[in-house]
Amino acid sequence: MKIFRLLPPAGLLLVLVSVLWLGSGAFSAAQACYGPKIFIGVGTDVQERVFYEVVSLYVKEKTGVETVAVALEDDAPVEALGKNRVDMAFVPEDVGEYTSLVTAVGSLLLISDRRPLDDLQFTTVAPALRRLDGLLTPELFTELVAQVRAGEPPAAAARALLMRHRWI
1 MKIFRLLPPA
11 GLLLVLVSVL
21 WLGSGAFSAA
31 QACYGPKIFI
41 GVGTDVQERV
51 FYEVVSLYVK
61 EKTGVETVAV
71 ALEDDAPVEA
81 LGKNRVDMAF
91 VPEDVGEYTS
101 LVTAVGSLLL
111 ISDRRPLDDL
121 QFTTVAPALR
131 RLDGLLTPEL
141 FTELVAQVRA
151 GEPPAAAARA
161 LLMRHRWI
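The numbers in the sequence shown follow my numbering, run straight up by one, and end at 168.
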């Protein structure tokens, strides 16, 4: 109890509040619910779902930034970007007004609007995706899509690929 006599009343109050707040789990719960998120438009095609899982897992593991898949039912990817419904989307060919970040899979490109490129909370995302672009090949992606079409869940297949190659 000597420590309590050494602390001024304000210091004691600060210690008690800190212990109660951190011990209650409020800090970890708040961190899990809030934080920067990138919204990625995903169509119904299996290739887009697989590509999303690879991108999502890689970005989360390398940068800590969460991604949210936004279903593009009626909107085309470029329209969704233009309406600010999504920050990134998968397209079959280059769209000049948006920045291509991952082009290595051959049949699809991941394009981005300005928010993930300019917002300070996402400064590590574009460099991470450019690294992924240098690692992923059309052959690896084709194998991954084939695994998913054979019944493997997209997230599990993506994690297995990234871990097998020690990219995460």
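Just so you know, even glycine gets a beta-carbon here, dropped at the ideal spot from N, CA and C.
Review point. Which residue's Cα is closest to the Cα of Arg85: Ser112, Gly64, Leu135?
Key: Reading the sequence shown from its first residue, position 85 is the one you call residue 85. Of the listed residues, the one whose Cα sits closest to Arg85 is Ser112.
**Study point:** Meets three-Cβ-pair contact criterion under 8 Å: the region 121 to 131 and the region 144 to 163
**Key:** no
Review point. For the beta strand (DSSP E) that contains Glu66, what are its first and last residues?
Key: Counted from its first residue, the sequence shown places residue 66 at position 66. Note, Glu66: beta strand (DSSP E), 66 to 71.
Point to revise | Nearest-angstrom beta carbon gap, Phe90 and Leu109 [assumed within contact, 8 Å] | key: Start at 1 with the first residue of the sequence shown, and residue 109 comes out as number 109. Start at 1 with the first residue of the sequence shown, and residue 90 comes out as number 90. At roughly 7 Å, the Cβ-Cβ gap stays under 8 Å, so Leu109 and Phe90 are in contact.
Point to revise | Asp94 versus Ala104 - alpha carbon distance | key: Position 94 of the sequence shown, counted from the start, is the residue given in the question as residue 94. Position 104 of the sequence shown, counted from the start, is the residue given in the question as residue 104. Those two C-alpha atoms are separated by around 12 Å.
Check your understanding: Going by other Cβ atoms of all chains shown within 10 Å of its Cβ, with 16 needed for buried, is Ala76 buried or exposed?
Key -> The residue labelled residue 76 in the question sits at position 76 within the sequence shown. Looking at its Cβ environment, which holds fewer than 16 other Cβ atoms inside 10 Å, Ala76 is exposed.
Review point. Which residues in the same chain have their Cβ closer than 6 Å to the Cβ of Val54, if we skip the five residues on either side of it in sequence?
Key: Counting from 1 along the sequence shown, the entry for residue 54 is found at position 54. Counting only Cβ-Cβ distances below 6 Å, and skipping sequence neighbours, we find Ala158.
Check your understanding: DSSP puts Phe90 in a beta bridge; with which residues?
Key -> Locating residue 90 in the sequence shown gives position 90, where the first residue counts as 1. According to DSSP, Phe90 bridges with Leu110.
Point to revise | Cβ contact (3+ pairs, closer than 8 Å) linking the region 132 to 139 and the region 96 to 103 | key: yes
Point to revise | Simplified DSSP assignment, three categories, for Val95 | key: Here residue 95 refers to the residue found at position 95 when the sequence shown is read from its first residue. In this structure, Val95 counts as coil in the three-state DSSP scheme.
Point to revise | For Val145 and Val42, believed in contact at Cβ under 8 Å, the rounded distance | key: Residue numbering aside, residue 42 sits at position 42 when the sequence shown is read from its first letter. Residue numbering aside, residue 145 sits at position 145 when the sequence shown is read from its first letter. Not a contact, Cβ separation roughly 14 Å.
Exercise for review: Would you tell me roughly how many angstroms separate the C-alpha atoms of Thr142 and Leu57, rounded to the nearest one?
Suggested key: Taking the sequence shown and counting its residues from 1, one reaches residue 142 at position 142. Taking the sequence shown and counting its residues from 1, one reaches residue 57 at position 57. For Thr142 and Leu57, the distance between alpha carbons rounds to 18 Å.
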